[in-house]
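Residue 85 in numbering that gives the first Met the number 0 sits at position 86 of the sequence shown, with consecutive numbering throughout.
From the three backbone atoms N, C-alpha and C, an ideal C-beta is built for every residue, glycine too.
In what follows, a single structure is set out as structure tokens and then discussed.
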Amino acid sequence: MDLAIRNARVRGQRELVDIAMEGARIVAVGPGLGGRGDELDAGGRLVAPGFVNLHLHADKSLLGEVMRPNASGTLPEAIEITNDFKRRYDPEEVAHRAGRVLEAGVQSGTTFFRLFADVGTIGGLRAARGLLLSRERYRDLCRIQVVAFPQEGLLRDPGAAELLDEAIREGCDVVGGLPWYEYTDAEAREHIDICFALARRHGLDIHMLVDDTDDPNSRSLEYLAVKTMREGYHGRVAASHCGAMAAYNDVYAAKVIDMVATAGITISVNAHINLVCSARIDREPRRRGIARVKELLARGVNVVSSQDDVNDPYYPFGKPDQLEVALMMAHTAQLTLPQELDQVFDMVTTNAARAARLDDYGIAPGMRADLVVIDAPSVHEALRMQPVRRHVIHEGREVARATLSCELRRSVPGGRKGATGGAENGASVN
Ligand SMILES: [Zn+2]
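Right, here's the structure in full:
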């Protein structure tokens, strides 16, 4: 073997295990494995497959550093502010900003990113070209897919459909969509039809941003589900946000959730974004504006959570760190029981990997050696403490490492003189 992680706490395993890797693959998992090679000692810490961030607007990331603040906090104003800048996009500049975010993401344990590139008549193909550049430049650190995403709509932005086709020819991996943003329901449906035609022509999967509004009449998810079933695209479609579902009446919501489950559509709920952007015109009580996560889970829908935005006019925060995303999800969807914390952890790992159809994802022989060693003994502690990622492995090679040292300095006689190694989280792991 080339590399082994010793004494790893792996979900679903009763005892600590070693994980042996050869090249880019895991070759053995079990207690006390023999063999020689480089070694990292997890010391009983939680080891998970690398986080999967299925929805990240890397072309717009960090624009908060250069643009005016979003005064209303709403999505329409965010779109308007960004358009000013997009007219001046340059692929090198886009790749540079994306690179800063990718590096931070890898340091927090993410080894797979699905990046959304705005494609339309305002920015042309410049954002897509920038993200395709970063896909090449960061091959050694992570895996990247680029989504050709029509941020200004397709019917609302004549010429965008042709540009989408061109972006795919230039190398984009996934067909994006934004049907709810069209002017009418009929055009929203036409938007979805265009996306499916493109996906079929190029043999690609689909990831749309759907019903990202508090309007209970925004119902493009229903048509997306019908279309997915009729086109036989089961398991190949993801829909982000779907916040309008929170405003649907219970009977209609149950019907749509049932259709989503039958169609095998993944729902990506980026709860922290909606907490900031949705329900801005509510007085009180103020809605959370997120899709009905518990009802989706109960119906067996594949639910994912992703970073979405990093310091841009839509959202001023984001490290980006999928553990932080998971923690926000746990709060917003009120997932707090032990088994619910596991569900939340799945949303940034296995569920997201399933949506991206990564069939070599997981900790088992034959799987890709993409791993993260979290400085915590359990999922609960990982979420609670948000500790450093001790080691990040991509394709069998360590690509990032971190330690944190905190010292408590007491003045009381006999008081313990400080602990090192990350205070509480260090103390709970040997
Ligand atoms: Zn988004």
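TODO: Quick one: using the 10 Å Cβ neighbour count with 16 as the cut-off for buried, is HIS233 buried or exposed?
DONE: Here residue 233 corresponds to residue number 234 of the sequence shown, with the count starting at 1. The residue is exposed, with fewer than 16 neighbouring Cβ atoms inside 10 Å.
Open item on the list: At the level of alpha carbons, what is the spacing between ASP358 and ASN301?
Closed with: Position 359 of the sequence shown, counting from 1, holds the residue named residue 358. Position 302 of the sequence shown, counting from 1, holds the residue named residue 301. When rounded, the distance between both Cα atoms is 15 angstroms.
- [ ] State yes or no: is the C-beta of ASP307 nearer than 6 angstroms to some heavy atom of ligand 1?
- [x] The residue you call residue 307 lines up with position 308 of the sequence shown. Yes; taking the cut-off as 6 angstroms, the Cβ of ASP307 has a heavy atom of ligand 1 nearer than that.
Open item on the list: I'd like to check one pair, ALA57 with ALA97: are the Cβ atoms closer than 7 angstroms?
Closed with: For the purposes of this step, residue 97 is identified with residue 98 of the sequence shown, where counting begins at 1. For the purposes of this step, residue 57 is identified with residue 58 of the sequence shown, where counting begins at 1. Yes.
Open item on the list: According to DSSP, GLN144 sits in a beta bridge with which residue or residues?
Closed with: Residue 144 sits at position 145 when you count from the first residue of the sequence shown. Paired residues: ARG113.
- [ ] List the endpoints of the continuous alpha helix (DSSP H) containing VAL500.
- [x] The shown model of the chain, from 0 to 429, leaves out residue 500, and the question about it has no answer.
Task: Coarse secondary structure for TYR247, derived from DSSP in three states - done: Translated into positions along the sequence shown, residue 247 becomes position 248. Reduced to three states, the DSSP call for TYR247 is coil.
Task: According to DSSP, residues forming a beta bridge with SER239 - done: For the purposes of this step, residue 239 is identified with residue 240 of the sequence shown, where counting begins at 1. Looking at the DSSP assignment, SER239 forms a beta bridge with LEU208 and SER267.
Task: The alpha helix (DSSP H) enclosing HIS56, as first and last residue numbers - done: On the sequence shown, residue 56 is found 57 positions in, with the first residue counted as 1. Going by DSSP, HIS56 is part of no alpha helix (DSSP H) at all; its letter is neither H nor E.
- [ ] Could you tell me which residues DSSP pairs with GLY175 in its beta bridges?
- [x] Position 176 of the sequence shown, counting from 1, holds the residue named residue 175. The partner list for GLY175 (beta bridge, DSSP) reads HIS206.
Task: 7 angstroms Cβ shell around HIS201 - same chain, five flanking residues per side excluded - done: The residue labelled residue 201 in the question sits at position 202 within the sequence shown. The answer, listed in chain order, is ILE167.
Open item on the list: Helix, strand or coil for HIS190? Go by DSSP, reduced to three states.
Closed with: On the sequence shown, residue 190 is found 191 positions in, with the first residue counted as 1. Helix at HIS190.
TODO: Report the rounded CA-to-CA distance for ALA147 versus GLU406, giving the unit in angstroms.
DONE: As a first step, residue 147 must be located in the sequence shown, where it is residue number 148. As a first step, residue 406 must be located in the sequence shown, where it is residue number 407. Roughly 47 angstroms between the two C-alpha positions.
TODO: Grab me the residues of VAL430's own chain with a C-beta within less than 6 angstroms of its C-beta, minus the 5 sequence neighbours each way, in chain order.
DONE: Any property of residue 430 remains undetermined from this structure, which presents the chain solely from 0 to 429.
Task: Counted within 10 angstroms of its Cβ, other Cβ atoms place LYS335 as buried (16 or more) or exposed - done: The sequence position of residue 335 within the sequence shown is 336, counting from 1. At residue 335 the sequence reads Thr, which differs from the Lys that was named. It is exposed - the Cβ of THR335 has fewer than 16 other Cβ atoms within 10 Å.
Task: Through-space distance from GLU181 to TYR137, alpha-carbon basis - done: If you number the sequence shown from 1, residue 137 lands on position 138. If you number the sequence shown from 1, residue 181 lands on position 182. Going from the Cα of TYR137 to the Cα of GLU181 covers about 35 angstroms.
TODO: Would you identify the three-state DSSP class for GLY63, choosing helix, strand or coil?
DONE: Stepping through the sequence shown from its first residue, residue 63 is reached at position 64. Annotated three-state conformation of GLY63 is helix, per DSSP.
Open item on the list: Suppose the cutoff is 6 angstroms on Cβ atoms and the five residues either side in sequence are ignored; what does the same chain contact list for ASP172 look like?
Closed with: Here residue 172 refers to the residue found at position 173 when the sequence shown is read from its first residue. Closer than 6 angstroms at the Cβ level, and outside the excluded window around ASP172, lie GLN144 and VAL145.
Open item on the list: Taking the beta strand (DSSP E) that ASP308 belongs to, which residues open and close that run?
Closed with: The sequence position of residue 308 within the sequence shown is 309, counting from 1. It is not in any beta strand (DSSP E) - ASP308 carries neither H nor E in the DSSP assignment.
Open item on the list: Given a cut-off of 7 angstroms on the beta-carbon distance, is the pair GLY395 and ALA355 in contact?
Closed with: Position 396 of the sequence shown holds residue 395. Position 356 of the sequence shown holds residue 355. No, the pair does not count as a contact, with Cβ atoms beyond the cut-off.
TODO: Grab me the residues of GLU76's own chain with a C-beta within less than 6 angstroms of its C-beta, minus the 5 sequence neighbours each way, in chain order.
DONE: Taking the sequence shown and counting its residues from 1, one reaches residue 76 at position 77. Excluding positions up to five away in sequence, the list reads ASN69.
Task: Which of helix, strand or coil DSSP assigns to VAL411 - done: Residue 411 sits at position 412 when you count from the first residue of the sequence shown. Residue state, collapsed to three classes: coil.
Open item on the list: Here's the rule I'm using: 16 or more other beta-carbon atoms within 10 Å means buried, otherwise exposed. How should SER404 be labelled?
Closed with: Position 405 of the sequence shown, counted from the first residue, corresponds to residue 404. SER404 should be labelled exposed.
- [ ] Would you identify the three-state DSSP class for GLY417, choosing helix, strand or coil?
- [x] In the sequence shown, counting from the first residue as 1, residue 417 sits at position 418. In this prediction, GLY417 has a pLDDT of 49, which is less than 50 and means its spatial position is unreliable; what the coordinates show is noted afterwards. It is coil, neither helix nor strand.
Open item on the list: Could you tell me the alpha carbon to alpha carbon distance between ALA278 and GLY36, rounded to whole angstroms?
Closed with: Within the sequence shown, numbered from 1, the residue matching residue 278 stands at position 279. Within the sequence shown, numbered from 1, the residue matching residue 36 stands at position 37. Roughly 54 angstroms separates the two Cα atoms.
Task: Cα-Cα separation, ARG285 to VAL372 - done: Position 286 of the sequence shown, counted from the first residue, corresponds to residue 285. Position 373 of the sequence shown, counted from the first residue, corresponds to residue 372. Taking the straight line from one Cα to the other gives about 38 angstroms.
Task: LYS4: first and last residue of the uninterrupted beta strand (DSSP E) it sits in - done: For the purposes of this step, residue 4 is taken as residue 5 along the sequence shown, with counting starting at 1. Rather than Lys, the amino acid found at residue 4 in this sequence is Ile. Start and end: 2 to 7.
Open item on the list: Nearer than 6 angstroms: is that true of the beta carbon of GLU380 relative to any heavy atom of ligand 2?
Closed with: Of the ligands one can find in the structure shown, namely ligand 1, none is ligand 2.
Open item on the list: Let's test the definition: count the other Cβ atoms within 10 Å of the Cβ of ARG8 and tell me whether it reaches 16, buried, or not, exposed.
Closed with: Along the sequence shown, read from residue 1 onward, the residue named residue 8 stands at position 9. The residue is buried, with at least 16 neighbouring Cβ atoms inside 10 Å.
Open item on the list: Determine whether the beta carbon atoms of PRO48 and THR348 lie at a separation below 7 angstroms.
Closed with: The residue labelled residue 48 in the question sits at position 49 within the sequence shown. The residue labelled residue 348 in the question sits at position 349 within the sequence shown. Their beta carbons are under 7 angstroms apart, which means PRO48 touches THR348 by this criterion.
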